[in-house]
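Q:
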Amino acid sequence: MSKKPTSTDEIRRFTDPVPEDDIFNYDRIKDLIGKSSEFHEGHDEVSHSDIRHWCEVMQDENPLYTDEEYAKKTKHGGIIAPPVMAQVWSLDPMKEALERFVDGNAPFIEDPHNQLFGIIDEEGYDGVVATSQTQEYLKPVRPGDTISCKITVGRVSPYDHHTRMGVGRYVDMIYTFINQHGEEVCVATFRVLKYRPPMDTRRLYEG
């Protein structure tokens, strides 16, 4: 396990050599690469009202999403949800999610990606920031659909990156979304940077 800094005397410059006992132990996570969770079903069905609310907030005036008469005349034969909403349908209610976050009770802790993040935190890389996301849309999502999602551990940087946030490792997670018929509707790759917070930041968090 990597040793966390405990005083300003232990803070190293990027050009300083890395002590042997402070090197990220990649062997602890390599068996999780490529592993997937089970599919977890979303809390709610896709609905006209949620599509409309999203379009109002995002100021998306595409009639394909809200005008039934217009949508019937298109190749889709009816209203569909904006493709970028794919992940929305797999989310838990905000209140429940926030309560679990505050209490430290993450759901599905045995899922490979949750195991991975737990190990990376133990290695001292307990800061996190989202860096990019790509999405591939495979099939329209329609009102009445139920969307489920599984998460696959895609890739973890085999070496440290020196960033403005701190020394870190990039982690790719692949989200696969399916409808109630088992058809893939979207595949998204979400990349985050897991990093070692600088000492000043760590002191703020730890009081």
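For what it's worth, my numbering labels the leading residue of the sequence shown as 1259, then goes sequentially. We put the beta carbon where it would ideally sit given N, CA and C, even for glycine.
1) Apart from the five residues on each side of it in sequence, which residues of its chain come closer than 6 angstroms, Cβ to Cβ, to Gly1385?
2) Relative to the C-alpha of Trp1347, which residue among Val1399, Tyr1395, Thr1324 and Tyr1323 is closest?
3) Under 8 angstroms: do the region 1288–1308 and the region 1368–1386 share three or more Cβ pairs, one atom per stretch?
4) Starting from Phe1204, follow its DSSP beta bridges and name the residues at the other end.
5) Measure the beta-carbon distance from Ile1337 to Ala1329 and round it to whole angstroms, keeping in mind my assumption that it falls under 8 angstroms.
6) Please confirm whether Tyr1323 and Pro1416 have their CB atoms less than 8 angstroms apart.
7) Quick check on Asp1379: buried or exposed, where buried means 16 or more other Cβ atoms within 10 Å of its Cβ?
8) Considering Cα atoms alone, identify which of Pro1321, Ala1339, Arg1310 and Thr1447 is closest to Thr1404.
9) How about the region 1298–1317 and the region 1405–1424: do they share at least three Cβ pairs that are nearer than 8 angstroms?
A: On the basis of the coordinates in this document:
1) Tyr1453 and Pro1455
2) Val1399
3) yes
4) Nothing in the structure corresponds to residue 1204, since the chain is present only between 1259 and 1465.
5) 4 angstroms
6) no
7) exposed
8) Ala1339
9) yes
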